[in-house]
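Participant: Have a look at this one.
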Amino acid sequence: MFSLDRWMEVFDTIRRNKLRTALTAISVAWGIFVLVFLLGLGNGLNHGMRANFARDATNGVWIVANKTSEPHAGYDIGRRITFENRDYDAAKQTRGIDRITGQHFTGANRFSNTMVTKRGGKANSFAVNAVHADAIYLEAHEMVAGRFLTDVDVRDKRKSVVVGRPVAAFLFEPAENPIGEWIVVGGVPFQIVGVYSDPSGNEQERQMYIPISTAQLAFNGADRIGLLSFTVGDAGPAEAQAIIDTVVGQLAERHKFAPTDHQAVRVFNNVEQFQRFQMLFWIISFFVFLIGMGTLAAGVVGVSNIMMIAVKERTKEIGVRKAIGATPRSIVLMIVQEAVFLTGVAGLLGLSGGVASLELLGKMDNDFIKNPSVGIGTGVVATVILVLAGALAGYFPARAAAKVNPIHALRDQ
Amino acid sequence: MLRLEKVNKYYRVGTHSLHVLRDIDFHVADGEFVSIMGASGSGKSTLLNILGILDDYDSGEYWLGDTLIRSLSERRSADYRNRFIGFVFQSFNLLPFKTALENVALPLYYQGVSRRKRNQIAAQYLERVGLRDWSEHLPSEMSGGQKQRVAIARALIGKPRLILADEPTGALDSETSQQIMDLMSEIHSTGITVLVVTHDAEVAARTQRTIRLRDGKVLGEHEASLSNPRMAAMPADKPADKAAAET
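Shown next, in the form of structure tokens:
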């Protein structure tokens, strides 16, 4: 198949017909460029939205104790509900629950949990979350040093604390290693066991975590829990709702409120929310895909058009070559080879251009667009489609032209 | 060299059938210099297509050498055209983006001759038609006569036994036409059979024999002797050797 002489002939023809070559190349390169750029932009948009969403576990459920709004079992409305350790223990046994943590609020107000944290001469107010070891899964934090709280910390009521990156930065000099150091939280000394970061940013990081058992003991919390949070694995919205109903049903029985009373406990369900967001992601992806396909289709039509016109323009040349002794096969091969080479090179140019533009776009710091990129496979597939289109678009008219009686082709001017 | 026996050709136009060639009978001997004359629409182009294996015929027989030319594969007919026949056209039909040298060398490309070798050979043929210094020029930079010379060199490079010329002087002034016909005679003198299709009596007069066509029929054959004193002495039955000897 490979023939140096035929390649020379192809290069020669390409080189000596600059306008035709440029038009074909531009249409192909532009098609691929727009496709790659759009797909990358769509991906970037998707990544950006996901990053905004990533502050909490996407399969998390939060249940907060509140006041009753319906009379039940002889109790009046407006009774304050407070969860206890046994609620946590019971919920932990519920099927479908993956990770679970309670949270005890140490502050004077119901949901306040800020306390003064000191080290040496430095002091500042940070949110202090008194939680179980599974809290890290619900908050979707990432450890940057040391470890998170463990079940042993909770069981032994250890004075361990995990601090956010800015907290460590505030309390320590850059050269210091905070792990193992002691700080004073709400008047009680705690030892730092880990430092974490959060993809969604600063507010989530200006916090610290201590074992719930230690907090209940040290800050006069008895066995009170203000918030129960858990993840439901990969359950869908319906399964998640069933799990929530089970947990709320148990709580209603234990604390004697109506299971229908939506004020007694408040439920925040990320599963449902995430489902809605996924729909949005899907729509964006689909939209981008649609535009990409449209661009590709336009590119295919454009390339086909140019190829057909190019072959038409070459009718006479084909007639001459045939009269001189070219077989129809050699003519078709020549045109297809030229088309494939041209669209291939132009496609790669467009691909590189698109990837380079995405790289530039990614360098710009933007909350909505993060890491705009295209899988190399997508780009290659798009290029191959255009090359195939070019080849087919060259093939059919070339075959027709190669069949034309050369004398007719030559007289047709 | 070639022989046609009761060749018929129809063109189908919608439901009608156009009888273009009717029972064409003639033969051309090896080394003859023959013209086919006729008005436009007389079927001479169709006849040329059939002779050049560019078109099929419907009935009869066309023998080229010892081969019956009938429904050959595209590949074989391309091969015959390449090695057996050289074409010269009215409008030259050089590839505009190739130099004179490359145009002349093109038939050898389809014979699989290497680039270097075919360019060497093409240079020799260009020299033969007096255009050695024009080898690197594009057709657009040459005059009509020069272009036709390039086309003739291209027709000759495959060492054909038959040259088919379709109105070779149709686009040229009378002086240049004379020069081109001189060149044709010269080619003929090397033993190659030359067949010229024309409607120009002066061109026909330069050949040994004229076959006249009208409405798809052969009207009759005229020896060129009356109008061409140079060939007057030539006996009709042994034209080739004599012609070669005299020129």
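Protein sequences appear in the order of chains A and B. Note that this note's numbering has the first sequence beginning at 1, numbered continuously upward. Note that this note's numbering has the second sequence beginning at 1, numbered continuously upward. Where is the CB? At the ideal position from N, CA and C, for every residue including glycine. Predicted, not measured: the structure shown is a model, and the values here were computed from it.
Identify the residues that DSSP records as bridge partners of R80/A: which are they?
Facilitator: The partner list for R80/A (beta bridge, DSSP) reads K67/A.
Participant: Helix, strand or coil for S225/B? Go by DSSP, reduced to three states.
Facilitator: In this prediction, S225/B scores a pLDDT of 45, lower than 50, which makes its location untrustworthy; the coordinate-derived value is nonetheless stated afterwards. Here S225/B sits in helix by DSSP.
Participant: Determine which residues of the region 299-329 of chain A have a Cβ less than 8 Å from any Cβ of chain B, and write them out in chain order.
Facilitator: So the list reads K316, E317, G319, V320, R321, K322, A323, I324, G325, A326, T327, P328 and R329, given in the order they occur along the chain.
Participant: Using only CA atoms, which one of S189/B, G216/B and R22/B lies nearest to R206/B?
Facilitator: Comparing Cα positions, the closest option is S189/B.
Participant: Grouping DSSP H, G and I as helix and E and B as strand, with all else coil, what is K322/A?
Facilitator: Helix, per DSSP.
Participant: Is H141/A buried or exposed, if buried means 16 or more other CB atoms sit within 10 Å of its CB?
Facilitator: Buried, by the Cβ-count rule.
Participant: Using only the alpha-carbon positions, how far apart do L164/B and R75/B sit?
Facilitator: Using only the alpha carbons, I get a separation of about 20 Å.
Participant: Nearest-angstrom Cα distance between Q103/A and I63/A?
Facilitator: Those two C-alpha atoms are separated by around 10 Å.
Participant: Quick one: Cα of T114/A to Cα of L227/A, how far?
Facilitator: For T114/A and L227/A, the distance between alpha carbons rounds to 16 Å.
Participant: Where does S73/B sit, in a helix, a strand or coil, going by DSSP?
Facilitator: Coil.
Participant: Please list, in chain order, all residues of the same chain as S77/B whose beta carbon is under 6 Å from its beta carbon, the five residues on each side excluded.
Facilitator: Cβ neighbours of S77/B beyond the five flanking positions: I53.
Participant: Kindly provide the ranges of any alpha helix (DSSP H) runs that are 4 or more residues long and lie completely inside the region 242-329 of chain A, ordered along the chain.
Facilitator: Within the region 242-329 of chain A, the complete alpha helix (DSSP H) runs of at least 4 residues are 270-313 and 315-324.
Participant: Which residues share a DSSP beta bridge with L18/B?
Facilitator: Its beta-bridge partners are Y11/B.
Participant: Could you give the distance in angstroms between the alpha-carbon of R206/A and the alpha-carbon of F277/A?
Facilitator: In a straight line, the C-alpha of R206/A is about 27 Å away from that of F277/A.
Participant: Enumerate in chain order the residues of its own chain whose CB-to-CB distance from A422/A is below 6 Å, with the five nearest sequence positions on each side excluded.
Facilitator: Any property of residue 422/A remains undetermined from this structure, which presents chain A solely from 1 to 413.
Participant: Which runs of the alpha helix (DSSP H) fall wholly inside the region 33-97 of chain B and span at least 4 residues, in chain order?
Facilitator: 44-51 and 74-84, all fully within the region 33-97 of chain B.
Participant: Please list the segments of the alpha helix (DSSP H) lying wholly inside the region 27-62 of chain A, counting only runs of 4 or more residues, in order along the chain.
Facilitator: Those alpha helix (DSSP H) runs which fall completely within the region 27-62 of chain A and span 4+ residues do not exist here.
Participant: Report the partner residues of S197/A according to the DSSP bridge assignment.
Facilitator: In DSSP, S197/A forms a bridge with E142/A.
Participant: Can you name the residues of chain A whose CB is closer than 7 Å to the CB of L64/B?
Facilitator: Residues of chain A passing the Cβ test: none, with the nearest at roughly 15 Å.
Participant: Given a cut-off of 7 Å on the beta-carbon distance, is the pair L123/A and I212/A in contact?
Facilitator: Position check: residue 123/A holds Ala in this sequence, whereas Leu was assumed. Against a cut-off of 7 Å, the Cβ pair of I212/A and A123/A comes out as no contact.
Participant: Can you say whether W282/A is buried or exposed, counting buried as having 16 or more other CB atoms within 10 angstroms of its CB?
Facilitator: Its Cβ having fewer than 16 others within 10 Å, W282/A is exposed.
Participant: Roughly how many whole angstroms lie between the Cα atoms of M293/A and L35/A?
Facilitator: The alpha-carbon atoms of M293/A and L35/A are separated by roughly 8 Å.
Participant: Compare the C-beta of R132/B against all C-beta atoms of chain A and say whether one is closer than 7 Å.
Facilitator: No, R132/B lies away from the interface with chain A (no Cβ there is under 7 Å from its Cβ).
Participant: Taking CB distances under 7 Å as the criterion, tell me whether L226/B reaches chain A.
Facilitator: With a pLDDT of 45 at L226/B, under the threshold of 50, the modelled position of this residue cannot be trusted; read the value that follows with caution. No, its Cβ sits nowhere closer than 7 Å to a Cβ of chain A.
Participant: Indicate the three-state DSSP secondary structure (helix, strand or coil) for D250/B in the structure shown.
Facilitator: No information on residue 250/B is available, as it lies outside the stretch 1 to 247 that chain B covers here.
Participant: So is R50/A in contact with chain B if we call contact Cβ pairs under 7 Å?
Facilitator: No, R50/A lies away from the interface with chain B (no Cβ there is under 7 Å from its Cβ).
Participant: Does DSSP put T383/A in a helix, a strand or coil?
Facilitator: Helix, per DSSP.
Participant: In or out: A224/B buried (at least 16 other Cβ within 10 Å) or exposed?
Facilitator: Note that A224/B scores a pLDDT of 48, beneath 50, so its modelled location is shaky and nothing firm can be said.
Participant: Inspect the beta-carbon positions of A323/A and F26/B and report whether they are closer than 7 Å.
Facilitator: No, these two residues do not count as a Cβ contact at 7 Å.
Participant: Could you spell out the range, first to last residue, of the alpha helix (DSSP H) harbouring V167/A?
Facilitator: R165 to L171 is the extent of the alpha helix (DSSP H) around V167/A.
Participant: Between A78/B and chain A, is there a C-beta pair that is closer than 7 Å?
Facilitator: With 7 Å as the cut-off, A78/B counts as an interface residue toward chain A.
Participant: Compute the Euclidean distance between the alpha carbons of P71/A and F190/A, then round it to the nearest angstrom.
Facilitator: Taking the straight line from one Cα to the other gives about 44 Å.
Participant: Tell me which residues of the region 137-161 of chain B have at least one Cβ-Cβ distance to chain A shorter than 8 Å, keeping chain order.
Facilitator: Listed by position, the residues of the region 137-161 of chain B near chain A (Cβ gap below 8 Å) are R154 and G158.
Participant: R22/B CB to nearest chain A CB: under 7 Å?
Facilitator: No - not a single Cβ of chain A is within 7 Å of the one on R22/B.
Participant: Report the neighbours of N8/B on chain A: residues whose CB is nearer than 8 Å to its CB, in chain order.
Facilitator: Chain A residues near N8/B: none, gap ~18 Å exceeds 8 Å.
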